[in-house]
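Read the structure below first, then the notes.
Numbering (the working numbering), first residue to last: 8 to 176.
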């Protein structure tokens, strides 16, 4: 099977809406991480750099208000109450486990971890292991809610928003 064959088969199992949603999420998440790094929310050295989500989240913790509107509140509540699962190995087999948060973990930190878990599950292929997950509608809900939250986070930091929206050349 070639990559083209895999993509053709995958496209037969996922609606155009789902394909668009996944592509939108990948682009938004990737651009968000780029904006974090160019806005000095980064860690690393001369060998490697990565987005520092924890520092960014700490910077918006006091201004983030999930009660801003009903759509945002619903997105936050869904991700906190139904976080994405984590892929793991159990008895030599790939499987899924629930994400366990620390008891005193701030809600915004839970959101940040959940959004990165969504990205990891999708990007690293956990959702495409030869048989697409039966909870495809839940996957779409996770993606849609993550995008709503990322958009709100962009509104809370002028520099990150500027770097996110900067023209691609």
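The C-beta atom is built at its ideal place from N, Cα and C for all residues, glycine as well.
From a predicted model like this one, the values you see are computed outputs, not experimental measurements.
Other residues of its chain near residue i: CB distance less than 7 angstroms, five sequence neighbours each side excluded
i           : result
residue 39  : 157, 171
residue 154 : 31, 32, 35
residue 137 : Model confidence at residue 137 stands at a pLDDT of 43, short of 50, so the residue's coordinates are unreliable; what they give is reported in the following sentence. Counting only Cβ-Cβ distances below 7 angstroms, and skipping sequence neighbours, we find nothing.
residue 64  : 115, 116, 119
Close-in-space but distant-in-sequence residues of the same chain around residue i (CB under 6 angstroms, 5 per side omitted)
i           : result
residue 168 : 161
Simplified DSSP assignment, three categories, for residue i
i           : result
residue 14  : helix
residue 163 : coil
residue 111 : coil
residue 24  : helix
residue 175 : coil
Short CB-CB distance (under 9 angstroms) between residue i and chain B
i           : result
residue 144 : Considering every chain present, this structure includes no chain B. It has just one protein chain.
Buried or exposed (CB count within 10 angstroms, at least 16 for buried), residue i
i           : result
residue 109 : exposed
residue 71  : buried
residue 83  : buried
residue 77  : exposed
residue 24  : exposed
Residue i: CB within 8 angstroms of a non-hydrogen atom of the ligand MN
i          : result
residue 77 : You won't find the ligand MN in this model; it holds no ligand whatsoever.
Own chain residues within Cβ distance below 8 angstroms of residue i, not counting five before or after
i          : result
residue 95 : 101, 102, 103, 104
Exercise for review: Run through the segment 26-109 for me and flag every whole beta strand (DSSP E) of 3 or more residues, listed as ranges in chain order.
Suggested key: 49-51, 56-58, 93-97, 100-104
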